[in-house]
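Novice: Sequence order for the protein chains is A and B.
Residue 1 is where the first sequence starts when you use the working numbering, and the numbers rise one by one after that.
Residue 156 is where the second sequence starts when you use the working numbering, and the numbers rise one by one after that.
Can you read through this structure? Questions will come right after.
Protein chains: 2
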Amino acid sequence: MRLRLKLYQQTILYGLSLAALALLLRWLEFRLLILNHSFEIYAGIIAVIFTLLGIWLALKLSRPKIETKIIERPLIVNSTAFIFNKTFAQQLGLSKREIEVLQLMAKGLSNQEIADQLFVSLNTIKTHSSRLFEKLEVKRRTQAIEMAKKHALIP
Amino acid sequence: MRLRLKLYQQTILYGLSLAALALLLRWLEFRLLILNHSFEIYAGIIAVIFTLLGIWLALKLSRPKIETKIIERPLIVNSTAFIFNKTFAQQLGLSKREIEVLQLMAKGLSNQEIADQLFVSLNTIKTHSSRLFEKLEVKRRTQAIEMAKKHALIP
DNA sequence: ATCTCCTTCATACTTTTGGGTGATTTTGTA
DNA sequence: TACAAAATCACCCAAAAGTATGAAGGAGAT
């Protein structure tokens, strides 16, 4: 709505300036024709003025690019009860299994132990943990634990 | 350097288009003067063309406006202040160095990174961590971190 | 002085972890 | 049903972590 109004104003302004220029030229025609100014001079003047107008218009109307910046605002929680940070997990796109693996990891289990506990193979756990590290943007399980603790993915 | 080159090119392009327009107008003057087109028509054409040129120029040359959009994301923080459990550390007979190593471990650092940070060799850190694991009665660093968290040796 | 503990470092070896690739099956959803 | 994501597993290789053992210098206690 606001943009529309602005556009409207611009249009009026543009029209007015066109009209003013036409008047100016007509006046010039009367006053200075005797001096035998060639048509090219007028054309040049118009060209320059409207180029400037175009530049001004473009700068006024061009939309700014939007750059998103994420700020982490500390949210102080006083309760001892652990509340799983679902939002963060979703934002990172962590799957159920990956979260399970992460939580067992944080308990200090080895990959083999996690595999046994979840009744899957060691290789599977390795795949899960690799993806986990990618998503958390970490390199080691200890870093993953740090991250998870910080963002309330684990108690 | 590059911008200067670009500006140079733009200038040439601009000059050429001006010249082309002059020629075009001269030709129109010859061909269509009989039809008694008024000066305003020409002026209008020039105005429109050069407005567009101005817009194009501005868009080409101006830096894109950047508008930052800030998104705040809550980061859950436990308000309980951390108090190091001196008693427990003494009970287990942990040395200063071992506690240091343990705390860096919990931050997610690798042995090599800990060694660099403490200005000692990798082997030294291995020895420290081995002792640490013995005293904490754990087998892996992740378990050590769990233990340390549980007993308030680390935040 | 002697002893103990801490700290430092080395070498050799084993286990665990992690990266990369590829493949198959299951499952949820359009 | 068809498609995408999730879950499963295998194999190979490299890096990191962990174990065992030995050794040497320094600080503090007896």
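Ideal placement from N, C-alpha and C gives every residue a C-beta, glycine not left out.
Taking buried to mean at least 16 other C-beta atoms within 10 Å of its own C-beta, is Arg2(A) buried or exposed?
Specialist: Against the first sequence, residue 2(A) aligns to sequence position 2. For Arg2(A), the predicted model reports a pLDDT of 43, less than 50, meaning its position is unreliable; a value from the coordinates is still stated below. Arg2(A) comes out exposed.
Novice: Does DSSP put Glu137(A) in a helix, in a strand, or in coil?
Specialist: Walking along the first sequence from the start, residue 137(A) turns up at place 137. The answer is coil: DSSP assigns Glu137(A) none of H, G, I, E or B.
Novice: Using a C-beta cutoff of 7 Å, does Leu153(A) count as contacting chain B?
Specialist: Here residue 153(A) corresponds to residue number 153 of the first sequence, with the count starting at 1. Chain B contact via Cβ: absent.
Novice: Going straight from the alpha carbon of Ala89(A) to that of Ala202(B), what length do you get?
Specialist: Here residue 89(A) refers to the residue found at position 89 of the first sequence. Here residue 202(B) refers to the residue found at position 47 of the second sequence. Rounded to the nearest angstrom, the two C-alpha atoms are 57 Å apart.
Novice: Within 10 Å of its beta-carbon, does Ser284(B) have 16 or more other beta-carbons around it, so buried, or fewer, so exposed?
Specialist: On the second sequence, residue 284(B) is found 129 positions in, with the first residue counted as 1. Buried, because 16 or more other Cβ atoms sit within 10 Å of the Cβ of Ser284(B).
Novice: Using 10 angstroms around the beta-carbon of Ala198(B), count the other beta-carbons present and answer buried if the total reaches 16, otherwise exposed.
Specialist: By 1-based counting over the second sequence, the position of residue 198(B) is 43. It is buried - the Cβ of Ala198(B) has at least 16 other Cβ atoms within 10 Å.
Novice: Any Cβ of chain A within less than 7 Å of the Cβ of Gln258(B)?
Specialist: Sequence index remark: in the second sequence, residue 258(B) carries index 103 (1-based). With 7 Å as the cut-off, Gln258(B) does not count as an interface residue toward chain A.
Novice: Using a C-beta to C-beta distance shorter than 8 Å, which residues of chain B count as neighbours of Gln143(A)?
Specialist: Start at 1 with the first residue of the first sequence, and residue 143(A) comes out as number 143. Ordered by position in chain B, the residues that pass the 8 Å Cβ test against Gln143(A) are Gly263.
Novice: For Ser17(A), which residues in the same chain have their Cβ closer than 8 Å to its Cβ, ignoring the five residues on either side in sequence?
Specialist: Taking the first residue of the first sequence as position 1, residue 17(A) is located at position 17. Excluding sequence neighbours, Ser17(A) sits near Leu53.
Novice: Going along chain A, which residues have a C-beta under 9 Å from Ser217(B)?
Specialist: Within the second sequence, numbered from 1, the residue matching residue 217(B) stands at position 62. Simply Ile55, Ala58, Leu59 and Ser62.
Novice: Give the DSSP bridge partners of Pro74(A), in chain order.
Specialist: The count along the first sequence starts at 1 and reaches residue 74(A) at position 74. According to DSSP, Pro74(A) bridges with Leu230(B).
Novice: Return yes when the Cβ of Ala261(B) is within less than 7 Å of the Cβ of Ala307(B), no when it is not.
Specialist: Against the second sequence, residue 307(B) aligns to sequence position 152. Against the second sequence, residue 261(B) aligns to sequence position 106. No. Outside cutoff.
Novice: Since Leu179(B) meets chain A, which of its residues come closer than 8 Å, beta carbon to beta carbon?
Specialist: Translated into positions along the second sequence, residue 179(B) becomes position 24. None at all; the shortest Cβ gap to chain A is about 10 Å.
Novice: Can you give the Cα-Cα distance for Ile83(A) and Pro155(A), rounded to whole angstroms?
Specialist: Here the question's residue 83(A) lines up with position 83 in the first sequence. Here the question's residue 155(A) lines up with position 155 in the first sequence. So the two alpha carbons sit approximately 8 Å from each other.
Novice: Take the Cβ of Glu137(A) as the centre, count every other Cβ of all protein chains shown within 10 Å, and call the residue buried at 16 or more, exposed below.
Specialist: In the first sequence, residue 137(A) corresponds to position 137, counting from 1. The residue is exposed, with fewer than 16 neighbouring Cβ atoms inside 10 Å.
Novice: Could you tell me if Glu253(B) is buried or exposed, where buried requires 16 or more neighbouring beta carbons within 10 angstroms of its beta carbon?
Specialist: One-based indexing of the second sequence puts residue 253(B) at position 98. By the neighbour-count rule (16 or more Cβ atoms within 10 Å), Glu253(B) is buried.
Novice: With burial defined as no fewer than 16 other Cβ atoms inside 10 Å of the residue's Cβ, what is the status of Gly108(A): buried or exposed?
Specialist: Here residue 108(A) refers to the residue found at position 108 of the first sequence. Gly108(A) is buried by the Cβ-count criterion.
Novice: With 7 Å as the threshold, decide whether the Cβ of Pro301(B) is near any Cβ in chain A.
Specialist: One-based indexing of the second sequence puts residue 301(B) at position 146. Sequence check: residue 301(B) is Glu here, not Pro. It does: the Cβ of Glu301(B) has a partner Cβ on chain A nearer than 7 Å.
Novice: Can you grab the Cα-Cα spacing for the pair Arg4(A) / Thr87(A), in whole Å?
Specialist: In the first sequence, the residue the question calls residue 4(A) occupies position 4. In the first sequence, the residue the question calls residue 87(A) occupies position 87. Bear in mind that a pLDDT of 48 at Arg4(A), under 50, signals an unreliable position, so the number given afterwards is only what the model happens to contain. In a straight line, the C-alpha of Arg4(A) is about 37 Å away from that of Thr87(A).
Novice: Nearest chain A C-beta to Phe237(B) closer than 7 Å, yes or no?
Specialist: Walking along the second sequence from the start, residue 237(B) turns up at place 82. Not closer than 7 Å to any Cβ of chain A, the Cβ of Phe237(B) fails to qualify, so no.
Novice: Comparing the C-beta of Lys69(A) with each C-beta of chain B, is any distance below 7 Å?
Specialist: Taking the first residue of the first sequence as 1, we reach residue 69(A) at position 69. Chain B, which has a Cβ nearer than 7 Å to the Cβ of Lys69(A), makes this yes.
Novice: With a threshold of 16 other CB atoms inside 10 Å of the CB of Leu102(A), please say whether the residue is buried or exposed.
Specialist: Along the first sequence, read from residue 1 onward, the residue named residue 102(A) stands at position 102. Buried, since its Cβ has 16 or more Cβ neighbours within 10 Å.
Novice: Quick one: is Lys65(A) near chain B, going by C-beta distance under 7 Å?
Specialist: In the first sequence, counting from the first residue as 1, residue 65(A) sits at position 65. Cβ-Cβ to chain B under 7 Å: yes for Lys65(A).
Novice: In this structure, how does DSSP classify Ile238(B) when only helix, strand and coil are distinguished?
Specialist: Looking up residue 238(B) in the second sequence gives position 83. DSSP places Ile238(B) in coil when its eight states are reduced to three.
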